[in-house]
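Here is the structure we will look at, set down as structure tokens.
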Amino acid sequence: MRIEVVTLFPELIRAALGFGVIGRALTRGLAAVGTEDPRVHTSDAHRTVDDRPYGGGPGMVLKPGPLAAAIAAAQARLPEGSPRICLSAAGERFGQRHARALAALPGFVLVAGRYEGVDERVLVTSIDQELSIGDFVLSGGEIPALAVIDAVVRLLPGVLGDERSSAEESFAEGLLDWPQYTRPVEFAGLGVPDVLLSGDHAGIARWRLKQALVRTWERRPDLIVKAQLSREASRLLDEHLAERAAARAATIRGEI
Ligand code: 4GY
Numbered sequence: 001m002r003i004e005v006v007t008l009f010p011e012l013i014r015a016a017l018g019f020g021v022i023g024r025a026l027t028r029g030l031a032a033v034g035t036e037d038p039r040v041h042t043s044d045a046h047r048t049v050d051d052r053p054y055g056g057g058p059g060m061v062l063k064p065g066p067l068a069a070a071i072a073a074a075q076a077r078l079p080e081g082s083p084r085i086c087l088s089a090a091g092e093r094f095g096q097r098h099a100r101a102l103a104a105l106p107g108f109v110l111v112a113g114r115y116e117g118v119d120e121r122v123l124v125t126s127i128d129q130e131l132s133i134g135d136f137v138l139s140g141g142e143i144p145a146l147a148v149i150d151a152v153v154r155l156l157p158g159v160l161g162d163e164r165s166s167a168e169e170s171f172a173e174g175l176l177d178w179p180q181y182t183r184p185v186e187f188a189g190l191g192v193p194d195v196l197l198s199g200d201h202a203g204i205a206r207w208r209l210k211q212a213l214v215r216t217w218e219r220r221p222d223l224i225v226k227a228q229l230s231r232e233a234s235r236l237l238d239e240h241l242a243e244r245a246a247a248r249a250a251t252i253r254g255e256i
């Protein structure tokens, strides 16, 4: 897979991709990230990439010429039909579904804006999709572009060890993670759930799935609707909800 990032700060992109799982994937050649700087596509003495907004107001807008030329140069290094994606708070909300779809492609372009934004005509002529990583305002599209790259590259075959891709972990897909513990067995006066020390692998898997389900139910009920629970998962969640309902009823009766 090849990813091209159009950015005024190519060093920011390169520097951030040198670490951890993603850094290793790139050095191993499992994916490649290139950059294209709109400033290279200017011809004036000052290498001007921005200008004042028509209609007035604060800030500057990225000039369409250099930006569109940079997008075209990036696109020329990718297979025909590779999508050009602009990171913007006005875009569709990026999620794991988008990450999976992008991970199936041979390449795509990410366009990171700066200043007050991108000239609307570039969005019309040179962008296929706008994606947002969330409802907050950043000062540039580079950090969202890096978030997309990270989410996509870690899905590529061979990037993660087989631990993560194993069937054992996919059973809680679409749910929040279960709680994790490592040594020491006591920390800050807190222990580790007995089942995790038991060596009972089926029991551990059941406990983890139940923890993931209950946490998701309590913190992100919207994800449960989408999770398409297995029969085992539905049963575990029902079991928890019944236990909780019974405990509340007992409290109301004044038994506790
Ligand atoms: N949130 N998700 C986001 C953003 C700000 C281009 C400069 C976001 O994706 N992008 O906040 N982008 C950028 C957008 C012009 C400011």
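Each residue of the sequence shown is one higher than the one before, counting from 1 in our numbering.
Yeah, the Cβ is synthetic: ideal placement off N, Cα and C, and Gly gets one too.
Small disclaimer: the values here were computed from a predicted structure and weren't measured.
Should residue 121 be labelled buried (16 or more other beta-carbon atoms within 10 Å of its own) or exposed? By one-based count along the sequence shown, residue 121 stands at place 121. Note on residue 121: under 16 other CB atoms within 10 angstroms of its CB, so exposed under the neighbour-count rule.
Reduced DSSP category for residue 112 - H, G, I as helix; E, B as strand; rest coil: Numbered from 1 along the sequence shown, position 112 holds the residue referred to as residue 112. Strand, per DSSP.
Mind checking which residues open and close the alpha helix (DSSP H) that includes residue 223? Locating residue 223 in the sequence shown gives position 223, counting from the first residue. Per DSSP, residue 223 belongs to the alpha helix (DSSP H) from 221-227.
Relative to the ligand 4GY, is the shortest distance from any of its heavy atoms to the C-beta of residue 22 smaller than 8 angstroms? Against the sequence shown, residue 22 aligns to sequence position 22. No; taking the cut-off as 8 angstroms, the Cβ of residue 22 has no heavy atom of the ligand 4GY nearer than that.
Helix, strand or coil for residue 233? Go by DSSP, reduced to three states. On the sequence shown, position 233 is the one that residue 233 refers to. DSSP places residue 233 in the helix class (H, G or I) of the three-state scheme.
So the alpha helix (DSSP H) residue 142 belongs to, where does it begin and stop? For the purposes of this step, residue 142 is identified with residue 142 of the sequence shown, where counting begins at 1. Looking at the DSSP string, the run of the alpha helix (DSSP H) that includes residue 142 is 142-153.
Distance, Cα to Cα, residue 172 vs residue 238? As a first step, residue 172 is located in the sequence shown; it is residue number 172 there, counting from the start. As a first step, residue 238 is located in the sequence shown; it is residue number 238 there, counting from the start. Using only the alpha carbons, I get a separation of about 16 angstroms.
Skipping 5 residues on each side, what residues in its chain have a beta carbon closer than 8 angstroms to that of residue 195? Position 195 of the sequence shown, counting from 1, holds the residue named residue 195. Excluding sequence neighbours, residue 195 sits near 203, 204, 207.
Pairwise C-alpha distance: residue 34 and residue 13: As a first step, residue 13 must be located in the sequence shown, where it is residue number 13. As a first step, residue 34 must be located in the sequence shown, where it is residue number 34. For residue 13 and residue 34, the distance between alpha carbons rounds to 9 angstroms.
Pair within 9 angstroms by beta-carbon distance, residue 107 and residue 78: The sequence position of residue 107 within the sequence shown is 107, counting from 1. The sequence position of residue 78 within the sequence shown is 78, counting from 1. Contact: yes.
With 16 as the cutoff for other CB atoms within 10 Å, does residue 226 come out buried or exposed? Stepping through the sequence shown from its first residue, residue 226 is reached at position 226. Burial call: exposed.
By the three-class DSSP mapping on this structure, what secondary structure does residue 170 have? Residue mapping note: residue 170 aligns to position 170 of the sequence shown, counting from 1. Looking at residue 170 - three-state DSSP - the assignment turns out to be helix.
Indicate, with yes or no, if the ligand 4GY has a heavy atom lying under 8 angstroms from the CB of residue 126. Start at 1 with the first residue of the sequence shown, and residue 126 comes out as number 126. No; taking the cut-off as 8 angstroms, the Cβ of residue 126 has no heavy atom of the ligand 4GY nearer than that.
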